[in-house]
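Numbered by mature numbering (1 follows the signal peptide of the UniProt record, and there is no 0), the letters in the sequence shown go through residues -19 to -1, 1 to 224 in order.
Remarks on the structure that follows.
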Amino acid sequence: MKKFVLHLLVLSHCYVVLSLKRVCEHILEDGWLTKENVIDILQLARSCDAPRLSLVCLRMVMKDFKSISTTEAWKVMKRANPSLEQELLESVVEADSRKQERQKKIEEKKVYLQLHDAMEALLHICRDGCRTIGPRDKVLKGSQVACGFQACKGLETLIRHFSGCKSRVPGGCVHCKRMWQLLELHSRMCNEPEYCKVPLCRHFKMKMQQQSKKEEAKWKLLVSKVLAAKNAQRLFSSQRSSF
Ligand SMILES: [Zn+2]
Ligand SMILES: [Zn+2]
Ligand SMILES: [Zn+2]
């Protein structure tokens, strides 16, 4: 039967033998498609009104567009059915930009997560004094556990630089600017400025009262994105651990 599956699909469609048609579609969907025949079968699926089969074909074209678009079947289709070629090209472009969009979002999320880690580490360094890297206890003593904050090391280096930077660039060098940004972000996220030991926390809280609407909106957006990225990560890891 497999040998005649294409003919049977057409016949079962024309004579409305639905059970046979389903069997044919199933065979075709299940391991019958190749780079060489997928374009022909896509066209057949469309003319025989087999939406699932055409979707399977379409996915295959999306996945392996480069080599499928060089096949003989593609060239024939291009001549006979240029609007289908146009449609497929548009789908590929669309899928590509969706993929890029997703990638961009993932990268962005990473940056927000790093910022959140930096916020936690900053609080921990200023409040507890990091046990592993100082400033209070430079040497790790016997029973002490190494610090669990991954962001600590980088942040500690940044803080040391910040306190000793001799750069005369207006607004500070890139590292100092980064530090200013982290300190301000902390202040924006800090709920206990009265007890807070993070430098400039209260200063930024005061400054916030005189900021422009635009500035305020910008920071609010950043804070909400940082928090959202962390919440999403928490949700994700708690879901995974519940399996
Ligand atoms: Zn630490
Ligand atoms: Zn600097
Ligand atoms: Zn604070």
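C-beta atoms are modelled at their ideal positions from N, C-alpha and C, and glycine is treated no differently.
Query	Result
Three-state class that DSSP yields for residue 38 in the structure shown	helix
C-alpha gap between residue 144 and residue 215, whole angstroms	34 Å
Candidates 52, 39 and 50: closest to residue 72 by CA position	39
DSSP three-state assignment for residue 111, whether helix, strand or coil	strand
Beta-carbon spacing of residue -7, residue 30 below 9 Å	yes
Span separating the alpha-carbon of residue 140 from that of residue 180	11 Å
C-alpha distance - residue 45 paired with residue 20, whole-angstrom precision	12 Å
Proximity test, residue 101 beta-carbon vs ligand 3 heavy atom, cut-off 8 Å	no
Element boundaries [alpha helix (DSSP H), containing residue 138]	133 to 145
Length of the line joining the Cα atoms of residue 11 and residue 76	24 Å
Local Cβ density within 10 Å of residue 93, reported as buried at 16 or more and exposed below that	buried
Residue 210 burial status per 10 Å Cβ neighbour count (16 or more: buried)	buried
Reduced DSSP category for residue -4 - H, G, I as helix; E, B as strand; rest coil	coil
Contact test: residue 182 Cβ vs ligand 2 heavy atom, cutoff 8 Å	no
Whole-angstrom distance between residue 61 and residue -10, CA atom to CA atom	20 Å
Helix, strand or coil at residue 32 [DSSP, three-state]	helix
Any 3 or more C-beta pairs closer than 8 Å across the stretch 93 to 109 and the stretch 164 to 171	yes
Straight-line Cα distance separating residue 162 from residue 200	10 Å
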